[in-house]
């Protein structure tokens, strides 16, 4: 008993200790519940947020509201209704059933087997009251006859749908026409006469005989064979193949002309010159050596051509093609005697001069063609040239020269447009070389490597071996140099000692040296660098040529009546005498007058004194008056009549015993000299000499009984164009001794 009490006391003490321990722990970790609700599908609660506590409080079932439809149902889809817990806000959803279908109960739809009320809600596959048709006993809607079946119509008593059934024909005994046959392509039969056309008596296939040719075949056309049924007499036909076309033999006629000389007309091959069988259409085409295709256009120009003849096929004859070659030869130009002496060239830039060629053959269609004869560049210079006929060229491929007529031909170049000239600036030589380097600026025209040029002051021809532009190591060799370019000319043909600064270089026979010229002068003012005092006639200043670096002494002579010229004044007709030197000059050349290193005046050449100016068939006196007119002397002769009154009077007053001498002078040399010797009678002039001396103009006097001598151009024609040409005229009457 005492032991039991002790155990009880110990147990109570132990429980007291444990309770105190728990109470101490709780006081140490007191619960702290969140105000936020936690939930699942069934409950909601508050959680203890004290560390390592999982205790909850206020756990209870959700309290849902009446719910809200959040998606309306349709006939095709279910809707959605959403419920919310009024305590924690948790939501759940439930499906709202689809809406029911609607139907048109006043209308039936049907097919062959069933009927139904159609849906009006858009669901065509929904059918209300679907059921099989209920047919009545039917009504005969078409009575049957012996020839035609009848019709019975049944109606559905529910939806009104109808269907039909065939009623057989009434019993009938068919009758046929046994004397007649009806047939198609394959069979024959006796036709019914009782109206039943589908009934056929004696129906059987045709029995064909061997057939008869009813249309004979031809070339390109089929024939025909007819077969007859031996029972019903029906017929059928079969084609017989057309006859094949025969081979055709195509050829040219034996008299076909395959070659001719150019005549300006098309070389047309006549279809009449083509042999063939049948009447197939003939087409003729042509192709030149360089053509890529045949053309219907017949050739005109010289050359070799292929002619193609195409014959079209006909029913009887096959078509075909043949070819041949035709040749149009170049027309030979046979140059008349002296033709190049009469036709004077002027197109010197291309090195050609003109010749009018008139085709003289009867079949030339009266065509007059201009053919240009070309000469090598060597002969571009002014002058008369005699060259081998074989070096001439013809610019028209339809012509060729008959070179067998002449070994040589002669022609005259009257003018050299854009003539080259330049002056020597500086001179250099090279050890061990005969070459001399001339530095210059090209004043006019063009010079080419290999050109032969004239040093006018010494009359020597030099050769340009090479041309360089630039200086030092940057100098480059070129083939040509033109006006305004600074170049070095490496030349041979003259030594350094023979050449001087200011000498003029030009193409041979293009620039003439004169001892005096006529100029228009303008005196510079003091403000322009001129002198203070006027210029007097008779002064001898330096004449400076800027374009050629040259200077000479010249005497200035004013026209009669003028002795002084002040600064700014201009005077024409002033003579500059070069004191015996021949200075290259031409109308338009400019130079200046210098005294003591000062430029006092500027000059431009206006004329060469004592010369006659020739231009385009007229000879003009120095003052510009017309002194001669061309007249016709006869076929192939063209002359100039000298109508100068002073000359005419001088000649007319000459006595029979006087010798009359007329000279034409170029470069100080006689180019033609004509003399009337005593005893020939007044006004009669015989041709004497007439030897060609110069290169600008060749003049001849023909024997003439008129009172005036006749001057003709180069062997028959007077044609001058381009720049002016200057010829001196001298007439002298020498009285007989003692008269």
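Residue numbers (our numbering): 50 to 788.
By construction, the Cβ of each residue, glycine as well, lies at the ideal position given by its N, Cα and C atoms.
Three-way DSSP call (helix, strand, coil) for residue 299 in this model: coil
Using DSSP bridges, identify the partner residues of residue 445. Paired residue(s): none; residue 445 is not in a bridge.
Sort out for me which residues DSSP pairs residue 184 with in a bridge. 205
What does DSSP give as the partner residues of residue 89 in its beta bridges? Paired residues: none, contrary to the question.
Pairing CB atoms from the stretch 197 to 204 with CB atoms from the stretch 129 to 148, are three or more of them under 8 Å? no
Same chain only: Cβ atoms within 6 Å of residue 108, ignoring 5 sequence neighbours per side: 92, 94
Could you name the residues of the same chain whose beta carbon sits closer than 6 Å to that of residue 569, not counting the 5 residues immediately before and after it, in chain order? 621, 653, 655
Evaluate the contact criterion for the stretch 186 to 193 versus the stretch 236 to 256: three or more CB pairs, one atom per stretch, below 8 Å. no
If you pair each beta-carbon of the stretch 499 to 516 with each one of the stretch 549 to 559, do three or more pairs fall below 8 Å? yes
Alpha-carbon spacing of residue 590 relative to residue 637, whole angstroms: 20 Å
Residue of 478, 381, 486 minimising C-alpha distance to residue 445: 381
Which residue marks the beginning of the beta strand (DSSP E) containing residue 287, and which one marks its end? 284 to 289
Note down, one range per segment and in chain order, each beta strand (DSSP E) of at least 3 residues found wholly within the stretch 490 to 514. 495 to 497, 501 to 504
According to DSSP, residues forming a beta bridge with residue 140: 133
For residue 280, which beta-bridge partners are listed by DSSP? According to DSSP, residue 280 bridges with nothing at all.
Considering only DSSP beta bridges, list what residue 326 is partnered with. Looking at the DSSP assignment, residue 326 forms no beta bridge with any residue, so it has no partner.
Does the beta-carbon of residue 182 have 16 or more other beta-carbons within 10 angstroms, so that it is buried, or is it exposed? buried
Name, in chain order, the residues that DSSP records as bridge partners for residue 580. DSSP, once it has assigned bridges, lists no residue as partnering residue 580.
Going straight from the alpha carbon of residue 307 to that of residue 378, what length do you get? 11 Å
Starting from the Cα of residue 170, find the closest Cα among 164, 152, 158, 313 and give me that residue. 152
If we call anything under 8 Å between Cβ atoms a contact, is residue 496 one with residue 525? no
Using a Cβ-Cβ cut-off of 8 Å (strictly less than) and excluding sequence neighbours within five positions of residue 577, which residues of its own chain qualify? 616
Using CA atoms only, rank isn't needed, just tell me which of 126, 124, 111 is closest to residue 132. 111
Can you check which of these residues, 363, 342, 302, is closest to residue 329 by C-alpha distance? 363
Suppose the cutoff is 8 Å on Cβ atoms and the five residues either side in sequence are ignored; what does the same chain contact list for residue 124 look like? 147, 148, 149, 150, 170, 171, 172
Answer with buried or exposed for residue 283, where buried requires no fewer than 16 other C-beta atoms within 10 angstroms of its C-beta. buried
Beta-carbon gap between residue 318 and residue 333 smaller than 8 Å: yes
Among 474, 277, 264, 625, whose alpha-carbon lies nearest the alpha-carbon of residue 255? 277
Who does residue 292 pair with in a DSSP beta bridge? 268
Can you tell me which of the three DSSP states residue 643 falls into? strand
Could you check whether the stretch 536 to 549 touches the stretch 511 to 523, counting it as contact only if at least three pairs of C-beta atoms, one from each stretch, sit closer than 8 Å? yes
Could you pull out every unbroken beta strand (DSSP E) segment of at least 3 residues lying fully inside the stretch 348 to 384, listed in chain order? 352 to 360, 369 to 378, 380 to 382
With distances taken between CB atoms, is the gap from residue 604 to residue 626 smaller than 8 Å? yes
For residue 345, is the classification buried or exposed, using 16 other Cβ atoms within 10 angstroms of its Cβ as the cut-off for buried? exposed
Less than 8 Å separating the beta-carbons of residue 372 and residue 356? yes
Alpha carbon to alpha carbon, what distance is there between residue 84 and residue 134? 16 Å
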